[in-house]
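Worksheet: one structure, shown below.
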Amino acid sequence: MFVKKLVEKASKKQHSGGIGGLRAEDVSPRLAFHYGVPADAALLAYDPLLHVLAVATRNGQIKLLGRDNTQALLQSPSPIPSKFLQFADGQGVLLSVNTQNQIEVWDIDTKRLCYLHPFEKQITAFTVLQKSFYIYAGDSFGNVSLFKLDLGQRCLVDLPYCIPFAESYGSTGNGGNGVEIVFVSPQPLAESNRLLIIFRDGVMTLWDIKASKVVFVSGRTTQQQSHQEEKNVTSSCWACSKGSKVAIGYDSGDIYLWAIPDIFSAENSSSSSNQNLPLQRLNLGYKLDKVPIISLRWVPTDGKSGRLYINGFSEHAYLYQVLILNEESESRIVKMVLPLTEACQGMEFVTGLSDPNKQRQTVLVLLLKSGQICLCDDSEIERYLLQSQSRSPPTLPSHSFVKQPYGDSGINVAKFYTSDRTATANEDYFSTLASKYPWLLSMKDKGQISASLSNIHKTRNLCITGHMDGTISFWDASCPLLLQIFMIKQQHEDNTSSRARITSLQFDMSSSILISGDQGGTVRVITFKKDSSDNILSILQGKQGDNYDARSIKLKGAVTSTSMISNSKHFAVGTEKGIVSVIKVDDATILYQKQLECRVSGGIASLQFELYSHNGYDKDLLIVGMEDSSICILEEETGKLLNANPVQTNRPTRALLLQTLELSPNEAPGSDNHDTALKESLLLLCTEDAIRLFSLSHAIQGMKKITNKKKLNGSCCFASVIHGASSEIGIVLVFSNGKVETR
């Protein structure tokens, strides 16, 4: 609702002259800024050198979150999910493997897809070797391919090196049928040239890259000889900084810790290729059956120990545990279960600066199954694990969720206003404001950061939002990060707070009057006190509560629409009961009310005052659009219904927009008349399924004359008129599937 309403520019010109159609070259619709975490988030990656977190979605989008609230949204040409996501640390390059097995190379500085590398087989394991930027890709047939990332050209180079399944799996290679690889990674030793390959069935191979031969194969015989139920490997990670241990998780919920022998002595052993490694089962103390281990993550804490983060879930159960493991032994020291309410599908450790104290903070970022991001303070996890080893009862670490600072209270309606001033943007000022905004991944109190009222003269755009809890907020929308100027908490006459949902807003900048309506039927007239400043936004500088007067009136039914002419002495209000009320501005008293009938249950969708001129005859009209797309025309002063037969669509359909247009005959669609001295007033009606243009003169007489109709390809849910640089006009349509059209 908030994003769609921002499309609407409320400072429409009344009684304008003739207009022309908006051309494609007049507009360049594009995403200017995206704040927060996109829906359908599914994958995480983090660059610890550049401090950039990447969040991939299921529709081909990748959101980047960096320092000082720098944010960017990448859109893949194919709206399909990513299954692997990894940075080339410190190089400004992000690699993504989508479900069509295409490797995407992104330049995060230019936000551009630089290279798309198709891969013929299904990629099942993917690792970027940092510093050298070699890339290993394991596939569903058990082969390993090697690439090189060309940082200069931002592309991938195929290397003539491949590890075939028949050689890496061993002589008893599954009858020649490949087994997919689930993990491939070089041993984390600078002097090591060994590559660890783990197959889905549990077979583990240590491969000598230079010699192109197997150092040893292990893992197969233990499962086969014990005649136990077969277990498939679901995740794996190194479990020490020296590469001497590896942890493997299975779909059964088991976790095995393999101790890899000294590889330098192993290569001199004649039986090393058939050597079985000692295997130790970790006792997790968690007794749910069939809880697959989804992911494992090893984080070293000092020279002798580290933490193993375990993430597992099934349809009916989930767990997220943290173990402390000593690198010099295989024993478990302590464990912790994080109290999450849903399964986790990704985790990363993010280190950044938490505003405003600029203290370093390490946060465990958990991507939950619903797409929400949960944050856990790493220092609290460490404190818990230390207390668990003492007699002090530990307190579980707290966690919070990533939220937009202005999204917590639920925005129900919004209006966007642009100042007439043409002053250029003060980029330094807005950069300073943005740096003060709370870090999106901070666990500190995200109290709203407000714009300084002393700098209100720099504000070019104003956004007013009505919330579900009855509050009204004013925002400086001059830069992409909205900064709150102040907020009005509406009250009843007995000074108790009103929490009725705001349903309609109308602001006249010239008279500094705000009209608001809520779900309970209360209409408030808020008049701001002006000063001698020539800045129209200076009305917002006074002390909250002292810079405006408020009057209210209670109507029957929830308010659904409001309308006001600039500097007018009255305004119109429509309700869900189909009642139109015209109310005086100065004392909030009713001039008249009119009950209008609707073909189906529903109320007033749109109200618009209009000066109608025809053959030298002027008349003030109030044009009413009903929710069922019926159009009624009233005399503004008296409320008399001028068209006894309302203009209606053939069948009831939800009205989204009703707007009057004044066109020259040669500009009217389908017209062959080129006499520009005459003007024709039209009614633009946009519904869920079509756009229609009616003749206003015929509508006043109760006749339906459609001058143009366009059926829409899809279900439209929002429509708004936009204006070009001079008098051009266009319409923005938002569809229920997320598509946006400009016509």
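FYI, in my numbering the residues of the sequence shown are 956 to 1698. Idealized CB from N, CA, C, for every residue including glycine.
message: If we require 3 or more residues per run, which beta strand (DSSP E) segments fall completely within the stretch 991-1071?
response: Those beta strand (DSSP E) runs which fall completely within the stretch 991-1071 and span 3+ residues are 996-1002, 1007-1012, 1016-1020, 1026-1030, 1037-1043, 1048-1053 and 1057-1062.
Pairwise C-alpha distance: residue 1189 and residue 1204: Distance between the alpha carbons of residue 1204 and residue 1189: 6 Å.
- prompt: Can you name, in chain order, every residue of its own chain whose Cβ lies under 6 Å from the Cβ of residue 1093, other than the five neighbours on each side?
  reply: Shown here for residue 1093: same chain residues with a beta carbon closer than 6 Å to its own, the five before and five after excluded, namely 1079, 1080, 1099, 1136 and 1139 in chain order.
message: Given this structure, state the Cα-to-Cα distance separating residue 1415 from residue 1433, to the nearest angstrom.
response: Cα-Cα distance, rounded: 5 Å.
message: Do residue 1427 and residue 1443 count as a contact pair if the criterion is CB distance below 8 Å?
response: The answer is yes: Cβ separation under 8 Å.
- request: Using the DSSP secondary-structure output, state which residues sit across from residue 1572 in a beta bridge.
  value: In the DSSP assignment, residue 1572 is bridged to 1569.
Validate contact between the stretch 1461-1478 and the stretch 1526-1535 using beta carbons, cut 8 Å, 3 pairs: Result yes; three or more Cβ-Cβ pairs closer than 8 Å.
query: Which stretch, first to last residue, makes up the beta strand (DSSP E) that contains residue 1610?
result: Its beta strand (DSSP E) spans residues 1610-1618.
query: Can the beta-carbon of residue 1588 be found closer than 8 Å to that of residue 1615?
result: No, the pair does not count as a contact, with Cβ atoms beyond the cut-off.
- prompt: Just the Cα atoms here: how many angstroms apart are residue 1029 and residue 1017?
  reply: Residue 1029 and residue 1017 have their alpha carbons spaced roughly 5 Å apart.
- prompt: If you drop the 5 nearest sequence neighbours on each side, which residues of the same chain put their C-beta closer than 6 Å to that of residue 1172?
  reply: Same-chain partners within the cutoff: 1125 and 1160.
Rounded straight-line distance, which links the Cα of residue 1246 to that of residue 1208: About 5 Å.
- request: Note down, in chain order, each residue of its chain lying with its Cβ closer than 7 Å to the Cβ of residue 1457, except the 5 sequence neighbours on either side.
  value: Contacts found: 1367, 1368, 1421, 1422, 1425, 1427, 1471 and 1473.
- prompt: Is it buried or exposed for residue 1149, if we count other Cβ within 10 angstroms and need 16 for buried?
  reply: Flag for residue 1149 reads buried.
message: For residue 1690 and residue 1667, what's the separation of their Cα atoms in angstroms?
response: Cα to Cα, residue 1690 sits roughly 10 Å from residue 1667.
- request: Quick one: using the 10 Å Cβ neighbour count with 16 as the cut-off for buried, is residue 958 buried or exposed?
  value: With a pLDDT of 35 at residue 958, under the threshold of 50, the modelled position of this residue cannot be trusted; read the value that follows with caution. Residue 958 is exposed by the Cβ-count criterion.
Within the stretch 1650-1683, ranges of the alpha helix (DSSP H) (whole runs, at least 4 residues): Runs of the alpha helix (DSSP H) inside the stretch 1650-1683: 1651-1655.
message: Quick check on residue 1025: buried or exposed, where buried means 16 or more other Cβ atoms within 10 Å of its Cβ?
response: That one is exposed.
query: Among all the DSSP beta bridges, which residues are the ones paired with residue 1641?
result: Beta-bridge pairing links residue 1641 to 1612 and 1646.
message: List, from N- to C-terminal side, the beta strand (DSSP E) runs of 3 residues or more that fit wholly inside the stretch 1127-1172.
response: Counting only runs of 3 or more residues that sit fully inside the stretch 1127-1172, the beta strand (DSSP E) segments are 1136-1141, 1149-1154 and 1159-1163, in chain order.
query: Where DSSP assigns a beta bridge to residue 1073, which residues make up the other side?
result: Answer by DSSP bridge pairing, in chain order: 1057.
message: DSSP three-state label for residue 1251, please.
response: Of the three classes helix, strand and coil, the one that applies to residue 1251 here is strand, per DSSP.
query: Counting along the chain, where does the beta strand (DSSP E) carrying residue 1120 start and finish?
result: Taken as a continuous stretch (DSSP letters only), residue 1120 belongs to no beta strand (DSSP E), being part of the alpha helix (DSSP H) at 1120-1123.
task: Buried or exposed for residue 1225, please, with buried defined as at least 16 other CB atoms from any protein chain shown within 10 angstroms of its CB.
output: Because the pLDDT of residue 1225 is 41, which lies under 50, any placement of that residue in the model is unreliable, and the number read from its coordinates should be weighed accordingly. Sixteen is the threshold: since fewer than 16 other Cβ atoms of the shown chains lie within 10 Å of the Cβ of residue 1225, the residue is exposed.
- prompt: Is the beta carbon of residue 1527 within less than 7 Å of some heavy atom of the ligand GTP?
  reply: No copy of the ligand GTP appears in this structure; indeed no ligand is present at all.
field: DSSP beta-bridge partners of residue 1427
entry: Beta-bridge analysis with DSSP links residue 1427 to 1421 and 1443.
query: Is DSSP giving residue 971 helix, strand or coil here?
result: Because residue 971 sits at a pLDDT of 39, beneath the cut-off of 50, its placement in the model cannot be relied upon, and the following sentence gives the value as read from the coordinates. Residue 971: coil per DSSP, three-state reduction.
- request: Run the CB neighbour count on residue 1557, radius 10 Å, all protein chains shown included, and call it buried at 16 or more, exposed below.
  value: Residue burial is scored here from C-beta neighbours: residue 1557 has at least 16 other C-beta atoms within 10 angstroms and is therefore classed as buried.
- prompt: Who are the near neighbours of residue 1553 in its chain, counting only those whose CB is closer than 6 Å to its CB and skipping five residues on each side?
  reply: Around residue 1553: 1533, 1581 and 1583.
Residue 1693, buried or exposed, once every other Cβ within 10 Å from all chains shown has been counted against 16: Residue 1693 comes out exposed.
field: Candidates 1503, 1506, 1538 and 1019, of which the one nearest residue 988 by Cα
entry: For residue 988, the nearest C-alpha among the options comes from 1019.
field: Separation of residue 1651 from residue 1570, as counted between CA atoms
entry: Their Cα atoms are separated by approximately 14 Å.
query: Which of helix, strand or coil does DSSP assign to residue 1436?
result: Residue 1436: coil per DSSP, three-state reduction.
Bounding residues of the alpha helix (DSSP H) (the contiguous stretch that carries residue 1333): For residue 1333, the enclosing alpha helix (DSSP H) has its first and last residue at 1333-1343.
query: Under three-state DSSP, which class holds residue 1193?
result: DSSP places residue 1193 in the strand class (E or B) of the three-state scheme.
task: Determine the DSSP secondary structure at residue 1464, reduced to helix, strand or coil.
output: Coil at residue 1464, not helix or strand.
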